[in-house]
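As structure tokens, the structure follows; a few thoughts come after it.
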Amino acid sequence: MTPDLAEVRATIDLAAAGRVWDAVVVGAGPAGAAAAIALARRGREVLLVDKAAFPREKVCGCCLNRSALASLERLGLGGLPARSGSPALTRLVLAAGGRRAAIALPGGVVLSRAMLDAALVRHAVRAGAAFLPGVRASLHAKAVEADRLDGDARVDSGRATPQPKAAVCRSTGGSGAADGPHSFDRETRTKTIADRGRVGDPHIAAFGCDVARPLASGETPQEDGDFREIQLTAADGSVVIARARVVLAADGLGGRLLDDEPGCEAEVDPRSLIGVGAIVSVDSMAQEAAAFYVPGTVFMCCGRGGYVGQTRTEDGRLDIAAALDPAAMKSASGPAELIAAILKQAGLPAPTDLAAVDWRGTPRLTRRRSPAGRRVLAIGDAAGYVEPFTGEGIAWALASGEAAAPFAEAAMDSWSPAVARGWARAYASVVGRRRRACGWIAAGLRRPRLTGAVVAVLSKWPALARPLAWNIGAAGAGVEEASTHPQT
Ligand SMILES: Cc1cc2nc3c(=O)[nH]c(=O)nc-3n(C[C@H](O)[C@H](O)[C@H](O)COP(=O)(O)OP(=O)(O)OC[C@H]3O[C@@H](n4cnc5c(N)ncnc54)[C@H](O)[C@@H]3O)c2cc1C
Numbered sequence: 006m007t008p009d010l011a012e013v014r015a016t017i018d019l020a021a022a023g024r025v026w027d028a029v030v031v032g033a034g035p036a037g038a039a040a041a042i043a044l045a046r047r048g049r050e051v052l053l054v055d056k057a058a059f060p061r062e063k064v065c066g067c068c069l070n071r072s073a074l075a076s077l078e079r080l081g082l083g084g085l086p087a088r089s090g091s092p093a094l095t096r097l098v099l100a101a102g103g104r105r106a107a108i109a110l111p112g113g114v115v116l117s118r119a120m121l122d123a124a125l126v127r128h129a130v131r132a133g134a135a136f137l138p139g140v141r142a143s144l145h146a147k148a149v150e151a152d153r154l155d156g157d158a159r160v161d162s163g164r165a166t167p168q169p170k171a172a173v174c175r176s177t178g179g180s181g182a183a184d185g186p187h188s189f190d191r192e193t194r195t196k197t198i199a200d201r202g203r204v205g206d207p208h209i210a211a212f213g214c215d216v217a218r219p220l221a222s223g224e225t226p227q228e229d230g231d232f233r234e235i236q237l238t239a240a241d242g243s244v245v246i247a248r249a250r251v252v253l254a255a256d257g258l259g260g261r262l263l264d265d266e267p268g269c270e271a272e273v274d275p276r277s278l279i280g281v282g283a284i285v286s287v288d289s290m291a292q293e294a295a296a297f298y299v300p301g302t303v304f305m306c307c308g309r310g311g312y313v314g315q316t317r318t319e320d321g322r323l324d325i326a327a328a329l330d331p332a333a334m335k336s337a338s339g340p341a342e343l344i345a346a347i348l349k350q351a352g353l354p355a356p357t358d359l360a361a362v363d364w365r366g367t368p369r370l371t372r373r374r375s376p377a378g379r380r381v382l383a384i385g386d387a388a389g390y391v392e393p394f395t396g397e398g399i400a401w402a403l404a405s406g407e408a409a410a411p412f413a414e415a416a417m418d419s420w421s422p423a424v425a426r427g428w429a430r431a432y433a434s435v436v437g438r439r440r441r442a443c444g445w446i447a448a449g450l451r452r453p454r455l456t457g458a459v460v461a462v463l464s465k466w467p468a469l470a471r472p473l474a475w476n477i478g479a480a481g482a483g484v485e486e487a488s489t490h491p492q493t
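As numbered in the numbering used here, residues 6 to 493 make up the sequence shown, in order.
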């Protein structure tokens with residue numbers, strides 16, 4: 006096992022997590038880990054929590070485009086793909102209606118999610134974030150005033166958990182902070198923020214969210230609590246309440262964290278496909294398939310009922326990631342049969358006995374929500390998703406995690422609805438345009454005849470595929486904008 010795939014251990018226990026944090030990041034996928042890295046590098050006290058243990062797999066095509074690679078570079082993990090032996094992604098084979106077109110792809114790589122996500126979490130820990138895996142987080146409805154924290158900051162609403170008195174934040178001065186590795190002194194911290202000159206941050210100001218501005222005449226100050234309470238529930242039922250000046254909702258496509266947050270309910274497209282995936286070991290691959298599915302190529306086939314992408318990961322395994330119509334899946338009696346049918350229509354070999362594969366699924370893919378609630382910013386899939394055909398969800402997750410950091414800092418310092426509006430605008434500029442393009446491609450894929458005709462044309466004139474290749478492998482101008490925010 007490579008060091009990157011060793012278990013990522015907790016750096017804090019549940020009881021110690023029940024205190025006041027600058028930021029609690031819920032979900033340690035690419036979005037949450039990127040935000041935790043960015044905030045920890047800015048000297049913030051960050052708790053990164055995930056219900057899963059790491060490394061963990063996830064339904065994903067595992068293709069990182071140039072934008073994702075640029076984010077990794079900025080986060081200090083540019084060497085990860087080479088270190089992990091991840092194959093360069095140079096070719097897309099598009100198959101539909103029995104025809105195939107091979108399209109050159111510009112500069113991506115394939116990296117299993119077990120490898121990528123574990124490396125990101127480990128990097129967040131190195132940057133100073135506390136990591137607590139195996140714990141499910143949920144958001145309490147009300148924000149909490151700082152004055153209410155003039156006592157024990159923790160409520161134990163489940164089974165008894167030791168409650169050290171230490172981690173208490175007092176609103177009345179700097180001396181109430183606790184000792185310990187993750188304690189903080191509010192007065193000192195506020196001064197540090199001012200010293201760093203975050204107030205008036207040009208990136209934040211660009212999105213109309215200069216939180217330090219004086220009130221205009223006639224404007225009333227916004228009443229709000231100083232913290233959000235997050236309930237942390239361990240697998241054994243132990244419960245602890247942590248408090249955060251800001252919560253980063255990075256709980257992914259199926260995350261429920263914001264379901265009860267006013268104005269943040271998810272809008273799910275009822276016609277949307279669902280994600281299904283599995284990883285097939287080298288040993289269980291049929292010989293013909295092992296020779297056909299060469300590393301460095303993503304094999305994407307489209308048919309009635311959805312599309313299926315297959316590619317080899319850094320350790321030679323075959324990653325299968327599909328977007329399927331739930332109704333077609335039901336009438337085909339499950340994902341194995343539907344995926345086998347799509348591969349057959351497209352003329353690609355089945356990689357293994359698909360009925361014996363351990364399939365994982367996602368909820369409906371196409372969804373969106375307002376990316377900000379009270380002292381809560383949504384990033385990555387938690388803020389919305391379209392479809393995976395262009396393989397850029399990881400890039401969006403990383404870029405939104407990075408871009409959220411200055412807004413999270415603004416929220417910690419002084420929450421106001423202007424922060425939420427600013428993040429909504431910034432978020433739209435980070436992923437909006439690419440997501441629209443992805444939506445158009447996804448709409449085209451709903452028409453198997455059209456897809457078949459397109460593949461037939463591309464198989465004769467591959468040069469016509471350049472715009473598609475650009476869409477799949479390119480950095481995406483909108484995502485690159487995320488790099489313009491102030492670096493630490
Ligand atoms: C079929 C398919 C193929 C895809 N292929 C590609 C591809 O090739 N390239 C690409 O770039 N993107 C691809 N994507 C998209 C990509 O997988 C996602 O966009 C990306 O994983 C989003 O990252 P995230 O950090 O937002 O969420 P996630 O990676 O989903 O992480 C969310 C984390 O939150 C945790 N969590 C959830 N709820 C809680 C809770 N209450 N408490 C604590 N923890 C919680 C989960 O355990 C999880 O670890 C694909 C998606 C699908 C469905």
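We treat Cβ as the ideally placed atom computed from N, Cα and C, and that holds for glycine. No experiment lies behind these values; they were computed from the predicted model shown.
Under DSSP, ASP324 forms a beta bridge with ILE284 and THR316. In the DSSP assignment, TRP401 falls within the alpha helix (DSSP H) that extends over 398 to 418. The nearest non-hydrogen atom of ligand 1 is 7 Å or more from the C-beta of CYS306. Only residues of its own chain outside the window of five on either side were considered, and among them ALA283 have a CB closer than 7 Å to the CB of ASP363, listed in chain order. Between ASP122 and ALA36 a beta carbon distance of about 11 Å is seen, past the 8 Å cut, so the two are scored as non-contacting.
THR302 and GLU50 have their alpha carbons spaced roughly 41 Å apart. Judged by DSSP in its simplified three-state form, ALA33 adopts coil rather than helix or strand.
The segment 264 to 275 makes no contact with the segment 311 to 327, as fewer than three CB pairs between them are under 8 Å. Ranked by how close their Cα comes to the Cα of THR367, the residues TYR298, ILE344 and GLY280 have GLY280 in first place.
Taking non-hydrogen atoms of ligand 1 into account, the C-beta of PRO393 is found less than 7 Å away from one of them. In this structure, the alpha-carbon of ASP256 lies about 15 Å from that of GLY378. Between LEU253 and ALA413 the beta-carbon gap is near 6 Å, inside 8 Å, which marks them as a contact. The count of Cβ pairs closer than 8 Å, one atom from the segment 346 to 360 and one from the segment 232 to 239, stays below three, leaving the stretches out of contact.
For ARG369, the enclosing beta strand (DSSP E) covers residues 365 to 369. Inclusion of ALA247 and GLY90 in the CB contact set at 8 Å is not warranted, their separation being larger than that value. A contact is defined here as three or more CB-CB pairs under 8 Å, and the segment 286 to 302 fails this definition with respect to the segment 326 to 346. DSSP, reduced to helix, strand and coil, places SER117 outside both helices and strands of the structure shown, so it counts as coil. For ILE344, the enclosing alpha helix (DSSP H) has its first and last residue at 340 to 351. With respect to the 8 Å criterion, ALA101 and VAL391 are not classified as neighbours on the basis of their beta carbons. In terms of CA proximity to PHE304, ILE108 leads the group ILE108, ARG79 and SER117. Beta-bridge annotation (DSSP): GLU234 is paired with ARG248.
Inter-residue distance for ALA124 and LEU137 is about 15 Å (C-alpha atoms, whole angstroms). Secondary structure at PRO86: helix, using DSSP grouped into helix, strand and coil. By the criterion of a C-beta distance shorter than 7 Å, CYS65 is surrounded in its chain by ARG118, GLY282 and ALA326, once the five residues flanking it on both sides are discounted.
Under the three-state reduction of DSSP output, TYR298 falls in the coil class, being neither helix nor strand.
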